[in-house]
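Enquirer:
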Amino acid sequence: ILFRDDEDTFKILIATDIHLGYLEKDPVRGNDTFVTFNEILDHAQKKEVDFVLLGGDLFHDNKPSRKTLHSCLESLRKYCMGDRPVQFEILSDQAVNFHYSKFPWVNYQDGNLNISIPVFSIHGNHDDPTGADALCALDILSCAGLLNHFGRSTSVEKIDISPILLRKGRTKIALYGLGAIPDERLYRMFVNKQVTMLRPKEDEDSWFNLFVIHQNRSKHGATNYIPEQFLDDFINLVVWGHEHECKIAPYQNEQQRFYVSQPGSSVVTSLSPGEAVKKHIGLLHVKGKKMNMQKIALETVRTFHMEDIVLADHPDLFNPDNPKVTQAIQAFCMEKVELMLDNAERQRLGNPRQPEKPLIRLRVDYAGGFEPFSVHRFSQKYMDRVANPKDIIYFFRHREQKEKNDNDLNFGKLVSRPTAEGMTLRVEDLVKQYFQTAEKKVQLSLLTERGMGEAVQEFVDKEEKDAIEELVKFQLEKTQRFLKERCTDAEEEKIDEEVRKFRESRKKNTEEEDEEVREAMTRARAHRSEDAVLVAASSDEELMDTGMKDTGDSDDGLPATLRRGRGWARGRARGARGQNSTARGSSRRGRGSTSQESATSSRTYKPVSVPAKNMSIMDAFRSLKPESSLNSSKSYSEDIMDDDSDLEDISIVRSSKVNQRSSTTSSLSKRGSQSQTSRGVDFESDE
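Residues 35 to 721, numbered by our numbering, are exactly what the sequence shown covers, in order.
The following block contains the structure:
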């Protein structure tokens, strides 16, 4: 259906997964995301759309760099501000639609702003709210008045999705949005009927219902995706973000009868087959209850060419017993790469806006007795011709897994698994897999695999550096309270048995375990805020100690600019605040303070009936005896390290003692040291 531009037709530009800042430090691909974002907004301006609708992951990093934020603000201000009047109105209560914002109204209705193209966006899993204040990068754009962030849910028990009601002439759109939520949790909430989509009371059948979601659409596990059947059947169109393969043409779900459009990403972030599909954005026309989706090819996206080779399929060319077979394989691969480069060059001739160097991927299956050649040496030949020279060749071995059917071998049931490259390996899955296959002596006896996996994911993805520490502490406190309430005898065998039973009961109660993880994450975020204050204070004291003689402990005599200067650079990089255990222990409690002052400035929690010091379970019971209560304040530390090759190193050390420093009146200060006994659990690489 073709629509003419008139007063009753909505024109909406749709895009998802722009991933601003992806590989921004790469000398060749660093500006790809910014150039394509400008092209998307340029299309919106030239097409004179009513608004732009984004389906999440506008930013690639949860905490985008200054360069990324500056480029985004620059583009939004350049293309979305102007004198062209907005042709539609909002009928719903904006205080409900934007209730979490300090400015709960759409930006084009702000008298201090001059918006010509409003931008509506939900958050994705890359740029979702984190931290003590639960803020995300989209909130910065929203506060600046350049973007309208909607679809945010703060409750983890029940989700009520209230639509933004739009009207242009006689066409009315109910715009629903749901920002990214962990798939398992949202799956469970759908099953338990805890997700409700509210509908307007008046003429509910006259609205065109548009829903924007950012979740797994393809099945990655039993509950690690959202089936389309979970969504309400009154929806007319679902814009599905998060999946990067471009399937923007609306596809009708036969059961629910609504249409699903998957715009895909606007940048290649993984060298997988789904990313090789040509990138598009959509121009959606809506008039009454009818719609039309027009595909717009993106011209500034770097081309990506991919091909597979199975060496065993060429017995006439390659013989594993030939001593020179490796050189023959390398020459064959070079020929394939040259053909792909020629194809890329022909495509670029008709599009001068396309980047010069393409992305090339050649996957080689060397099963059958072959050996891979040196990828590094091979890549040197294409340094000036390919955008990803180090990733051109990918070697893998084809594996076949047969299903057991008594003693009969059914060759028709062989399952082909060509590569694990395109699969999504999640941090929590790796943790769970490790503990399920680990030896008994390193199995978790107090914590649960699921809770530990969630904490490690928070540490890696959201940079919550206290996540693991706080989860361990929270579950230890809870177990201690349980054992005291049960009045368990202080015998190691009985305690171990009670702990095992308590752990099994917690594993069965998933809602209670989710509550534990949320409480631990809340503590971690609160601690990070306190740490920032303490680090700033310690920076001021060190500045006085090293730069000003004969001064007291107060920083009142320093100018404001000096007092705050050194603190700005801290915490800017990942792990900058806690690069090692000793630095972490000293920086967060403040330098130059006595042990008494350190104790008063340490973190505070809600009062719980556990010993004030961190200790083992056996120590907790011994501390109940009067004669040993004075000796129960032993230092206790715990190292949790992750040495998986695909993940960042994790080294979290917690100690109940404070590194003390004896302050003197001279400009130099001596720092005391404290020996710490540590127990470690190593997560070794097992790809």
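The beta-carbon is built from N, C-alpha and C at its ideal position, and this holds for glycine as well.
Grab the span of the beta strand (DSSP E) containing Ser155 for me, first residue to last.
Expert: Position 121 of the sequence shown, counted from the first residue, corresponds to residue 155. Note, Ser155: beta strand (DSSP E), 153-155.
Enquirer: Grab me the residues of Leu318's own chain with a C-beta within less than 6 Å of its C-beta, minus the 5 sequence neighbours each way, in chain order.
Expert: By 1-based counting over the sequence shown, the position of residue 318 is 284. Correct list, in chain order: Ile46, Ile48, Met327.
Enquirer: Apart from the five residues on each side of it in sequence, which residues of its chain come closer than 8 Å, Cβ to Cβ, to Gly179?
Expert: Taking the first residue of the sequence shown as 1, we reach residue 179 at position 145. Answer for Gly179: Phe137, Asn141, Asp144, Asn146, Leu147, Ile149, listed in chain order.
Enquirer: Among residues of its own chain, excluding the 5 on either side of Gln290, which ones have a beta-carbon nearer than 7 Å to its beta-carbon?
Expert: What you label residue 290 is simply residue 256 of the sequence shown in a count that begins at 1. Contacts found: Glu262, Gln263, Leu265, Asp267.
Enquirer: Rounded to whole angstroms, what's the CA-CA distance from Asp167 to Glu492? Just pull it up for me.
Expert: Counting from 1 along the sequence shown, the entry for residue 167 is found at position 133. Counting from 1 along the sequence shown, the entry for residue 492 is found at position 458. About 15 Å.
Enquirer: Tell me which same chain residues have a C-beta within less than 8 Å of the C-beta of His410, skipping the five on either side of it?
Expert: To locate residue 410, count along the sequence shown from 1; it is residue 376. So the list reads Lys424, once near-sequence residues are dropped.
Enquirer: Write down every uninterrupted run of the beta strand (DSSP E) in the region 262-308 whose length is 3 residues or greater and which is fully enclosed by it, in chain order.
Expert: With a minimum length of 3 residues, the continuous beta strand (DSSP E) runs that stay inside the region 262-308 are 271-275, 281-286, 293-296.
Enquirer: Less than 8 Å separating the beta-carbons of Met368 and Ile394?
Expert: Start at 1 with the first residue of the sequence shown, and residue 368 comes out as number 334. Start at 1 with the first residue of the sequence shown, and residue 394 comes out as number 360. No. Outside cutoff.
Enquirer: Whose C-beta lies closer than 8 Å to the C-beta of Asn270 among residues of the same chain, with five residues either side of it excluded?
Expert: As a position in the sequence shown, residue 270 is number 236, starting the count at 1. Around Asn270: Phe242, Asn243, Leu244, Phe292, Tyr293, Lys323, Met325.
Enquirer: Who are Asn326's beta bridge partners in DSSP?
Expert: For the purposes of this step, residue 326 is taken as the residue at position 292 of the sequence shown. Answer is His319.
Enquirer: Starting from the Cα of Ala560, find the closest Cα among Leu212, Glu547, Lys499 and give me that residue.
Expert: Within the sequence shown, numbered from 1, the residue matching residue 560 stands at position 526. It is Lys499 whose Cα lies nearest to the Cα of Ala560.
Enquirer: Report yes or no: do the region 108-118 and the region 74-83 share at least 3 C-beta pairs separated by less than 8 Å?
Expert: Cβ pair count under 8 Å is three or more, so yes.
Enquirer: Here's the rule I'm using: 16 or more other beta-carbon atoms within 10 Å means buried, otherwise exposed. How should Met417 be labelled?
Expert: As a working mapping, residue 417 is identified with position 383 in the sequence shown. Exposed, because fewer than 16 other Cβ atoms sit within 10 Å of the Cβ of Met417.
Enquirer: Taking only the alpha-carbon atoms, compute the straight-line gap between Glu341 and Lys370 and give it to the nearest angstrom.
Expert: Translated into the one-based positions of the sequence shown, residue 341 becomes position 307. Translated into the one-based positions of the sequence shown, residue 370 becomes position 336. Cα to Cα, the separation comes out at about 8 Å.
Enquirer: Looking at the secondary structure, which residues open and close the beta strand (DSSP E) in which Met340 lies?
Expert: Here the question's residue 340 lines up with position 306 in the sequence shown. Start and end: 338-344.
Enquirer: List in chain order: all unbroken beta strand (DSSP E) runs of 3+ residues lying wholly within the region 103-170.
Expert: 153-155, all fully within the region 103-170.
Enquirer: Per DSSP, what kind of secondary structure is Ala365 in: helix, strand or coil?
Expert: In the sequence shown, the residue the question calls residue 365 occupies position 331. Three-state result, Ala365: helix.
Enquirer: Could you tell me the distance, in whole angstroms, from the CA atom of Glu553 to the CA atom of Lys507?
Expert: For the purposes of this step, residue 553 is identified with residue 519 of the sequence shown, where counting begins at 1. For the purposes of this step, residue 507 is identified with residue 473 of the sequence shown, where counting begins at 1. Going by the C-alpha atoms only, they are around 11 Å apart.
Enquirer: Which of helix, strand or coil does DSSP assign to Ala610?
Expert: For this step, residue 610 is matched to residue 576 along the sequence shown. Low confidence applies here, because Ala610 scores a pLDDT of 42, under 50, leaving its location unreliable and the question unanswered by this model.
Enquirer: Is it right to say Pro119 is buried, meaning 16 or more other beta carbons lie within 10 angstroms of its own, or is it exposed?
Expert: If you number the sequence shown from 1, residue 119 lands on position 85. Result: exposed.
Enquirer: Do three or more CB pairs link the region 125-139 to the region 94-108 at distances below 8 Å?
Expert: They do not touch, by the three-pair rule.
Enquirer: Could you tell me the distance, in whole angstroms, from the CA atom of Phe93 to the CA atom of His276?
Expert: Here residue 93 refers to the residue found at position 59 of the sequence shown. Here residue 276 refers to the residue found at position 242 of the sequence shown. C-alpha separation (whole angstroms): 12 Å.
Enquirer: Would you call Gly753 buried or exposed, if buried means 16 or more other Cβ atoms sit within 10 Å of its Cβ?
Expert: Past the edges of the chain, shown from 35 to 721, lies residue 753, and the structure says nothing about it.
Enquirer: If you count every other CB in all the chains shown that lies within 10 Å of the CB of Glu236, and 16 or more means buried, which is it?
Expert: The sequence position of residue 236 within the sequence shown is 202, counting from 1. With fewer than 16 Cβ atoms within 10 Å of its Cβ, Glu236 is classed as exposed.
Enquirer: Taking 8 Å as the threshold (C-beta atoms), are Val465 and Ile427 in contact?
Expert: As a position in the sequence shown, residue 427 is number 393, starting the count at 1. As a position in the sequence shown, residue 465 is number 431, starting the count at 1. No; because the gap between Cβ atoms is not below 8 Å, this pair is not in contact.
Enquirer: For Leu54, I'd like the list of residues in its chain whose CB is within less than 8 Å of its CB, leaving aside the five on either flank, ordered along the chain.
Expert: Locating residue 54 in the sequence shown gives position 20, counting from the first residue. These residues qualify, in order along the chain: Thr67, Phe68, Phe71, Leu92, Phe93, His94, Pro98, Thr102, Ser105, Cys106.
Enquirer: State the Cα-Cα distance for the pair Ala208 and Leu199, rounded to the nearest angstrom.
Expert: Along the sequence shown, read from residue 1 onward, the residue named residue 208 stands at position 174. Along the sequence shown, read from residue 1 onward, the residue named residue 199 stands at position 165. In a straight line, the C-alpha of Ala208 is about 5 Å away from that of Leu199.
Enquirer: Under the rule that 16 or more other beta-carbon atoms within 10 Å means buried, what is Lys227, buried or exposed?
Expert: As a first step, residue 227 must be located in the sequence shown, where it is residue number 193. So Lys227 ends up on the exposed side.
Enquirer: Let me know the secondary structure DSSP gives Ser450 once reduced to three states.
Expert: Stepping through the sequence shown from its first residue, residue 450 is reached at position 416. With a pLDDT of 42 at Ser450, under the threshold of 50, the predicted position of this residue should be treated as unreliable, though the coordinate-derived value follows. Strand, per DSSP.
Enquirer: Ignore the nearest five residues each way along the sequence and tell me which others in Tyr56's own chain have a CB closer than 7 Å to its CB.
Expert: Residue 56 sits at position 22 when you count from the first residue of the sequence shown. Excluding residues within five positions, the ones whose Cβ falls inside 7 Å are Thr67, His94, Val301, Thr303.
Enquirer: If you count every other CB in all the chains shown that lies within 10 Å of the CB of Arg38, and 16 or more means buried, which is it?
Expert: Sequence index remark: in the sequence shown, residue 38 carries index 4 (1-based). The residue is exposed, with fewer than 16 neighbouring Cβ atoms inside 10 Å.
Enquirer: Would you call the CB atoms of His248 and Gly213 closer than 8 Å?
Expert: Taking the sequence shown and counting its residues from 1, the one referred to as residue 248 is at position 214. Taking the sequence shown and counting its residues from 1, the one referred to as residue 213 is at position 179. Yes.
Enquirer: Just to confirm my understanding: we take Glu527, look at its own chain, exclude 5 residues before and 5 after, and list those with CB closer than 7 Å. What are they?
Expert: Numbered from its first residue, the sequence shown carries residue 527 at position 493. Counting only Cβ-Cβ distances below 7 Å, and skipping sequence neighbours, we find nothing.
Enquirer: Where do the ends of the beta strand (DSSP E) carrying Asp66 lie?
Expert: Counting from one through the sequence shown, the residue named residue 66 turns up at place 32. No beta strand (DSSP E) contains Asp66, which is instead part of the alpha helix (DSSP H) from 66-81.
Enquirer: Please check the pair Lys313 and Leu332, which I expect to be a contact at CB under 8 Å, by giving their CB distance rounded to whole angstroms.
Expert: For the purposes of this step, residue 313 is taken as residue 279 along the sequence shown, with counting starting at 1. For the purposes of this step, residue 332 is taken as residue 298 along the sequence shown, with counting starting at 1. Indeed they touch by this definition, with Cβ atoms about 5 Å apart.
Enquirer: Counting along the chain, where does the beta strand (DSSP E) carrying Phe430 start and finish?
Expert: Reading the sequence shown from its first residue, position 396 is the one you call residue 430. 427-430 is the extent of the beta strand (DSSP E) around Phe430.
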